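Novice:
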Amino acid sequence: MSMNWRPIEDIRTAFERDPAARNAVEVILCYPGLHAIWMHRLAHFLWEHGARTFARFLSHCSRFLTGIEIHPGAKIGRRFFIDHGMGVVIGETSEIGDDVLIYQGVVLGGTSAEKKKRHPTIGDEVIIGAGAIVLGAIEVGRGAKIGAGSVVVKSVPPESTVVGVPGRIVGEHKTKTIDLDHGKLPDPIAQALILIIEQQEKLAERIAKLEDPTGLKTTIDEIMESKMRKIAHMFEPLDKEGK
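Our numbering puts the last residue of the sequence shown at 316; the count rises by one with no breaks.
1) When you compare the CB positions of G220 and T234, do they come within less than 9 Å of one another, or not?
2) Got a sec, what are the start and stop residues for the alpha helix (DSSP H) R136 sits in?
3) Note the first and the last residue of the continuous beta strand (DSSP E) segment covering G244.
4) Would DSSP call I81 helix, strand or coil?
5) Could you tell me which residues DSSP pairs with G182 in its beta bridges?
6) Between A116, V162, V207, P239, which lies nearest to I141 when the distance is taken from Cα to Cα?
7) Going straight from the alpha carbon of S75 to that of D172, what length do you get?
8) Within 10 Å of its beta-carbon, does Q177 have 16 or more other beta-carbons around it, so buried, or fewer, so exposed?
9) Rounded to a whole number of angstroms, what is the C-alpha to C-alpha distance between T194 and V224?
10) Using a threshold of 9 Å, state whether the C-beta atoms of V229 and L208 are closer than that.
11) Suppose you measure from the CA of H113 to the CA of L268; what does that come to, to the nearest Å?
12) Please report how far the alpha carbon of G244 lies from the alpha carbon of L283, in whole angstroms.
13) Return the first residue and the last residue of the alpha helix (DSSP H) that V98 is part of.
14) Let's see if you can read the secondary structure: which residues bound the beta strand (DSSP E) around S233?
15) How would you call P80, buried or exposed, if buried means at least 16 neighbouring beta carbons within 10 angstroms?
16) Who are the Cβ neighbours of P239 in its own chain at under 7 Å, not counting the five residues just before and after it?
17) With DSSP collapsed to three states, give me the class of E271.
18) Would L56 pass as a contact of P105 if the rule is Cβ separation under 9 Å?
19) Work out the CA separation of F154 and V100 for me, nearest whole Å.
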């Protein structure tokens, strides 16, 4: 993890991570994530050299200008990129590795009032989706993916995928390159409901076979269809009126 400031490398990283980037001038003038990183590099330098009040003031100014709050005590590696960035909060004892990508609304927060390591350590090549919250002195392993809106309170193994509240590991993968398509993550709740529906269908078939020889009539099929329609409705997209 390097603390050296490399502005050309940071600009190149913006082009690699954001397909909307068109030219260097646009990136330099219009990317608050980049501005926040550059101001943090200076604030962190001042923090490490004892000028902590001024470092905090510079961090405060950066928050006012960019909407991104990074404590000057946080340690951030190379080629770190914040996409959009509004609402991002990175706590004092956070440690972030190289080639990390995070989206707007991400919080790396603490769970203790004691003056000790209380914020997460994020490994290299990690992707953290929009609105995700990572709390406590936990570790997120190299190449892990945190799904949007997840709340992570336990350490995450390397090259694993975490989604949900609280965050659960739903898969493993081998990291090759930074994958921007982090939105296509498995939904463990939907998968559980699918399994339940499949089991209900099997039970309905067995009941139908048992009742057929006796000539009994049942409304099991109608009940099953009604329940399945209700479950399917839970996963339908909202209509134009938001209902």
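Where a beta carbon is used, it is the ideal one built from N, C-alpha and C, also for glycine. Note that this is a predicted model, so its numbers are computed, not measured.
Specialist: Taking the coordinates as given:
1) A contact, by the Cβ cut-off of 9 Å.
2) In the DSSP assignment, R136 falls within the alpha helix (DSSP H) that extends over 125 to 139.
3) If you look at G244, you'll find it in the beta strand (DSSP E) that goes 241 to 245.
4) I81: helix per DSSP, three-state reduction.
5) Note: G182 sits in a beta bridge opposite L208.
6) For I141, the nearest C-alpha among the options comes from V162.
7) Low local confidence applies: a pLDDT of 41 at S75 is under 50, so the model's placement there is unreliable, with the coordinate-based value given in what follows. In this structure, the alpha-carbon of S75 lies about 11 Å from that of D172.
8) By the neighbour-count rule (16 or more Cβ atoms within 10 Å), Q177 is buried.
9) Straight-line spacing of the CA atoms in T194 and V224 works out to 15 Å.
10) Annotated as distal: V229 and L208, with beta-carbon spacing of 9 Å or more.
11) Those two C-alpha atoms are separated by around 48 Å.
12) Between G244 and L283, the C-alpha separation is close to 40 Å.
13) Going by DSSP, V98 is part of the alpha helix (DSSP H) stretching over 97 to 103.
14) S233 -> beta strand (DSSP E) spans 233 to 236.
15) With fewer than 16 other Cβ atoms from the protein chains shown falling within 10 Å of its own Cβ, P80 counts as exposed.
16) Once the five neighbours on either side are set aside, the close Cβ partners of P239 are V224, V226.
17) Judged by DSSP in its simplified three-state form, E271 adopts helix.
18) Only positions 74 to 316 of the chain appear in the structure, and residue 56 is not among them; the question remains open.
19) V100 and F154: Cα-Cα distance of roughly 12 Å.
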